[in-house]
Each structure stands twice: as structure tokens, then as C-alpha cells.
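Structure, as C-alpha cells:
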Amino acid sequence: MDDEDDHRVLDQILRMAGEVFALIIHTPPEWIKLAHRALSAASSTFVSSANLRNPIPILPPRERQALFAITHIRRPSVVIEAEKTNDGPRSLIQDERHRQDNLKDRFLGAIDQGTTSSRFIIFDGTGVPIASYQSEFRQIHEQSGYHEHDPQELVDSVNKCIEEAMKNFLALGHSRADIEAIGITSQRETTLVWDWETGEPLYNAIAWPDTRTKGLVRELREKPGADELLHICGLPLSTYPSSVTLLWMLRNIPQVKKAYDEGRLAFGTVDTWLLYNLNGKRKNNVYVTDVTNASRTMFMNLHELKYDDKLLEFFEIDKNKIRLPKIVPSSDPDEFGHIDAGPCEGVKIASCLGDQSSALVGHCAFTPGTAKNTYGTGCFLLYNVGDKPVISKHGLLATVGFQLGRDRKPIYALEGSVAVAGSGISFLMNNLGFFRDSRKVSEVAATVPDNGGCIFVTAFSGLFAPYWIDDAKGTIFGITQHTQRGHIARATMEAACFQTKAILDAMVLDSGHKLSELAVDGGMSNSDICMQSQADIIRMPVERPSMHETTALGAAIAAGFAVGIWKEFDELKHMNRANRTTFTPKISPLESAKMYKQWSKAVEMARGWVDTSEIDTESI
């Protein structure tokens, strides 16, 4: 064998070795062992053979099959041509392909009820959306700081989405019976009250961004026992949790107080309200919430996963006068009932999660140290800390990540919340007329190379974690006569990115571990400019899946666990992993630090803004 042949064969061996090790992280251990033997055999044959023009055919069959399987794992058509074996990698590949083919014929529905819209998505068992529909509903702002929804409109929007998505699903040749279960994910903390005897709402739903309770929060912070709340429920006192909102209702809405005094008051977050209605209201009286939603009320003991008498007493709630929903795991085949009417009549509801927990599941962040950030109306970063809660010392929330079945331990998370993310883009569109479609924000931002020195502290409702500043107002710094719409568009997106960095820094301090990458989803994550800015600001890679409906996917996955489609987390390791886009930092660490320093300065300057009605006129 001449030198040219030597080099050609060596190059081929090295190429195969590179492919093997490039894919090794996705490869079953038994394949790796066989591949190691294959490469060893190829190498030894190379140095001893007088004529080796194609190393693969001379290998023993099982080693040859392993090498084919691994180096062509992304090209299944090649694997099919490989030699048959009784117990080698071919059978493993066939088993996996057979399992994936079967999953394509199994379907799960997901109701995703968000702050501004509802949607219903039907996924197959591989996580591919098959049919969907989205419907927006009214946002009610009766005065500054108020944010409400009509409770019936929430239900109507969900029913419309189910009806329209099912039309699409049936048109594809499927039937209602093909849907094995439905999961629900919903906005959290949004508070509803209704008359238990009639099932009718007593007031509009008060949405989570609402800040009418700022004065009440200040009052409660001075109350004895306030400093103990964080250690019991994991949440600091703020306008955010449902407990403060319910207390405000009892003090300010006569019909709510009357129903409470007469023992007719039913309380719930959006998940409970939807489950109650989808099950036919009083017809079936399904009145439950899951651990993720309950952990956002400040009524549940985070360690025991049940209502805590001390918490209820602090918020002046007599549990004998109010109906509180039963707390259950996020995934259960029986607790959530079934759809009572409509095109999905009779279909089992098998899961229920708060939207951010559902996104964590949708990213398959099942192991401690994994995290996701959702850029929706607000911005929500959840970090899996395992099966024991971590109470933050740096302004973060401790919450339940998920509990996928009664036989599984709950998984906890640290969370940081940004009040304004996508709603900042809506502000530019609706209030300032920057564009007519929020998806155009990237086009406007692309008209300039940077923010032009503009910093926009989007504190429309104060600032959430880790700052917790309730007297800040939205402020734009650095405007000059050269400032353009593009600069402000960039500054608006960067505001969510800067606050994400502040949250990540706090998570490192609380957990002792730094993330190596950040998984993202939500409407704003579709902007390449925004995600590149995020990578530049946090100085780590940002990963965006190609299938963006991660929140709805999480509800479907949880429902799938309840009905036995999956039994172990490992079965989902490839779910929604293909064709991800990775954004890596493109600016220097010094430039990134300078940007964040300017942001921090702007935050301090945004503190203390108050209404003119609160100013002492005698001092003017």
C-alpha cells in the first residue's frame, strides 16, 4: 500500500472517529462500546494490512453496524441499508424508529390560556403541532394601574380555540377519539371569585400585572409576621400574588365581601376557573388547582404543598367562610375531570400547570441546573433546583416547578420575573404608533446599529425580581435630537435582557452554580436582534428551539405522563431538540459590562416617581 493510500485510509478513519465523538453525547452506551471496538479494529487493520481500500467492510458485522449506525444517525435511510443483526444497534435503531412512528399516531391537546390570548394546540406524541387556533380577548384598564379580564370571555376564548382547532384536526382525517388527553396551562396569579351556589363570577378577573394593591402591600409589610412569609411560601410580599388581590377584593368589593360572610365565596386562579367551567360548572363540581398554581397564591406552604393556617390568618382569610380549591399534582389521570361539551366532549383533562412551569417542562428541563426564559407579556426565568425548595436571599421567588404524578416528588425552581417584556413592544405599537404589527419591531430596530445611548427602564408596573421597586415608573434616559424610533425599539427589547441578567446573577448567588446556556421561548424570542442582545448582555449562549410553542408542549407532555404515553423523563431527551438556533456573544466583556453599568444607573434614577396627587401642594 503506497503513501497516498496510507493517507487516504488514515483520513477516513479520522473522519469516522470525529463523527463518532461529535455524536457521542446523543448515543446509547452499548453503541459507544461497539464503536470503540470498531475503531480499534479499523486502526489495527490499517497498520497490518497490505491492501485496505475501504475499512468498513472488513470489520466484524456488529462493529461495522455500530459504526454505520452512529456516523449515520442523522440519516436514517443509510442505517436501513446496514446489515441485519439479532441484538446489535440495528435492533436498537429499529426499536426507536418504531417507537417514534407509534408516537406520531398518538395525540394530546393543550389549552394555553395567556394574558392576552388563548390557544388550543394538538400535538402528536413526538411534540409536533398538528392543528391549532389562537384567539385574543379584551384587556380592561379602567384606570391607571388596573388590569382586568372578563371571566366569561376567558372561557369563551378557550372554547372557540378548541372548536376551530378541532375543525382543522378533523379535516386532516383524524377523529376526536384520537386525542388521548388534554392539558391546561394558564397565566398565574390572576385572581377570580365567583358565587359557589350559582357559578357566576362576582367581579372581573384581576390580572397579575395589576398594581392597585401597592398601598395594601406597604401596609402588610409593616404587619407582625410579615418577615416569616418568605420562608413558608417562598414569595415576598408584592402586588404579584393572589393573596393580596383577594384581600383587596374583600375590603373594596361589597358583593365579594357579602358572599364571603355568607359562605358562598369561591376563589381560584385561572386554571381553577377553566377547569370548573370546562367540566360543566356545578354539573360536575371539579374544583381543583395544581401545585404550581397554588404556589403562586401565598396561601400554600411550599414545603408541605398544602394550605397553611398561618398564611391564611396573615391575609385575614377564614377558611370556614371561603372555598379554596383542592391542591393536586400537575399530572393526574382523574383529578381534572373531562371536557363536558363541544367538539372535545368526553376527552380527559390530565394535566394542569402554571404557564411558566409548563414552559420548563416543554423545554424538558427535568434535571437540576437547567433553566428557561420565556419572553411573553412579561419575562419569566425558571431555574430547576431539584426536589427541595431553595429560599432566595437575593430577591428571587421560590416556587414549584412541576410534579408529574402522585408517585413523583415535586421539583422546585427559583424564579425571576420581569413585569414588562412583550407588553413593552405593545406599548410602542399601541401608544406611540411605532408600527402596526408587533412583529415589525425587529425591522424598526434593524434601522440602527445600537441603542444610540438610550436606556428604557420599562417600569410600567414597578420593577419585579430581583429589584422589587414598586415606586419606579417607566423612564427613558439618553434621548438626544438624533434619537430615532430604532434606538427606542432596541432599548425596549434590551430592557428585558438587562433584567434577565440581573435575575441570572441573583440565581448564581442563591444556587452557587452558573448556567452554561439559556433556553428561551415566547414571542419576543422570535426576534434575532433581541436574542443576540441577550447573549451579548449575559455573556453566554442563548438557545432557541425551532418549535416555539414550548408552553403548550409542556402541558401536553404532563398530560402524556398521566395517561402513560411516557413513563420516564429519559424518553423525552430528544423532544424539540432538532434545528435549534444558538446565539453567542459578539461584543467584548468590557463593552457588555459598560452597557449593564448604564442600565443599573438608570434603574436607580427611576426610583421614587409618584403621582402628582401625592405631592404636598403646600411645599410648592
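Going by numbering that gives the first Met the number 0, the first residue of the sequence shown is number 0, and it counts up by one from there. In this text, a Cβ means the ideal position worked out from N, Cα and C, and glycines have one as well.
Between the CA atoms of residue j and residue i - distance to the nearest angstrom
i           : j           : result
residue 214 : residue 255 : 20 Å
residue 511 : residue 519 : 22 Å
residue 357 : residue 516 : 19 Å
residue 241 : residue 272 : 14 Å
residue 126 : residue 600 : 44 Å
residue 197 : residue 284 : 12 Å
residue 617 : residue 501 : In this prediction, residue 617 scores a pLDDT of 41, lower than 50, which makes its location untrustworthy; the coordinate-derived value is nonetheless stated afterwards. When rounded, the distance between both Cα atoms is 40 Å.
residue 364 : residue 328 : 18 Å
residue 368 : residue 384 : 6 Å
residue 310 : residue 391 : 19 Å
residue 470 : residue 606 : 6 Å
residue 621 : residue 550 : Limits of the chain in this structure are 0 at one end and 619 at the other, which puts residue 621 out of reach.
residue 130 : residue 548 : 12 Å
residue 525 : residue 344 : 35 Å
residue 67  : residue 205 : With a pLDDT of 39 at residue 67, under the threshold of 50, the modelled position of this residue cannot be trusted, and the question is left open.
residue 326 : residue 543 : 33 Å
residue 164 : residue 404 : 28 Å
residue 573 : residue 579 : 12 Å
residue 144 : residue 228 : 25 Å
residue 264 : residue 107 : 34 Å
residue 70  : residue 540 : Residue placement at residue 70 cannot be trusted, given a pLDDT of 38 that sits under 50; what the coordinates show is reported in the next sentence. Near 27 Å, if we compare the C-alpha coordinates of residue 540 and residue 70.
residue 465 : residue 426 : 23 Å
Neighbour-count burial assignment, residue i, 16 or more Cβ in a 10 Å radius
i           : result
residue 588 : exposed
residue 533 : buried
residue 398 : buried
residue 545 : exposed
residue 566 : exposed
residue 409 : buried
residue 603 : exposed
residue 166 : exposed
residue 81  : Confidence at residue 81 is low in this model, with a pLDDT of 40, below 50, so the placement of that residue should be treated as unreliable; the coordinate-derived value is given next. With 16 or more Cβ atoms within 10 Å of its Cβ, residue 81 is classed as buried.
residue 498 : buried
residue 647 : Past the boundaries of the shown model lies residue 647; the chain is included only from 0 to 619, so the question cannot be answered.
residue 185 : buried
residue 509 : buried
residue 230 : exposed
residue 171 : exposed
residue 608 : exposed
residue 142 : exposed
residue 535 : buried
Proximity of residue i and residue j at Cβ, strictly below 8 Å
i           : j           : result
residue 556 : residue 361 : yes
residue 188 : residue 239 : yes
residue 421 : residue 262 : no
residue 488 : residue 444 : yes
residue 477 : residue 419 : no
residue 440 : residue 483 : no
residue 109 : residue 330 : no
residue 267 : residue 223 : no
residue 298 : residue 289 : no
residue 495 : residue 374 : yes
residue 175 : residue 332 : no
Three-state class that DSSP yields for residue i in the structure shown
i           : result
residue 374 : strand
residue 517 : strand
residue 399 : strand
residue 272 : helix
residue 608 : coil
residue 214 : helix
residue 385 : strand
residue 207 : coil
residue 450 : coil
residue 595 : helix
residue 574 : coil
residue 56  : Here the model assigns residue 56 a pLDDT of 37, short of 50, so the residue's position is not dependable and the matter cannot be decided.
residue 250 : helix
residue 363 : coil
residue 182 : strand
residue 328 : coil
residue 350 : strand
residue 476 : strand
Bridge-paired residues (DSSP) for residue i
i           : result
residue 417 : 378
residue 584 : Answer is none; residue 584 lacks a bridge partner.
residue 193 : 200 and 265
residue 542 : 518 and 581
residue 123 : 106
residue 322 : 265
residue 299 : 306
residue 390 : Partner(s): none; residue 390 has no beta bridge.
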